Amino acid sequence: MVHVLSSRTLLRPTDPDRSRAFYGGQLGLPVYREFGTGPERGTVYFLGGGFLEVSGRAEAPLSPGLRLWLQVADATEAYEELTGRGVEISRPPVREPWGLVEMWLQDPDGVRIVVVEVPADHPLRFRP
4 MVHVLSSRTL LRPTDPDRSR AFYGGQLGLP VYREFGTGPE RGTVYFLGGG FLEVSGRAEA
64 PLSPGLRLWL QVADATEAYE ELTGRGVEIS RPPVREPWGL VEMWLQDPDG VRIVVVEVPA
124 DHPLRFRP
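Taking our numbering, I'd label the letters of the sequence shown as residues 4 to 131.
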């Protein structure tokens with residue numbers, strides 16, 4: 004087994020400045036570190052137990068199969084905060100049949116983001 008010490012998701016946006024404005028400004032993700040210079044410089048954001056790196060430039064948007072799953076303490080509170088910052092929400096928070104509360108949105112390149120709340124009564128909160 005490989006012993007993973009850290010992890011990060013790497014995004015190569017079509018417009019790096021627009022993506023940094025979205026992740027750092029609109030979503031309000033705190034910056035872990037920045038590197039390089041110019042418009043394609045790298046910015047790494049904290050994502051709970053992992054990181055999101057926005058760096059470089061892609062010629063076309065990423066695969067439509069990519070999703071980011073971001074767990075928050077309160078999806079309704081996140082909804083209010085994000086809509087207050089002008090983030091377009093694809094679907095407001097809804098309790099799914101599997102018990103999680105999910106809200107959906109997209110980044111400027113169409114990367115789908117699922118904002119998830121694990122309610123207090125959900126099995127993920129219980130240990131056998």
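Where is the CB? At the ideal position from N, CA and C, for every residue including glycine.
None of the values given here were measured: they were computed from a predicted structure.
- DSSP, reduced to helix, strand and coil, places Glu91 outside both helices and strands of the structure shown, so it counts as coil.
- In the three-state DSSP reduction, Leu73 falls in the strand class (E or B).
- In terms of Cβ geometry, Leu14 and Leu85 do not form a close pair [threshold 8 Å].
- Cβ contact annotation for Tyr35 (same chain, cutoff 8 Å, sequence separation greater than five): Val47, Tyr48, Phe49, Phe54, in chain order.
- Taking 3 residues as the shortest admissible run, the region 5-65 contains the following complete beta strand (DSSP E) segments, listed from N- to C-terminal end: 11-14, 34-38, 45-50, 53-57.
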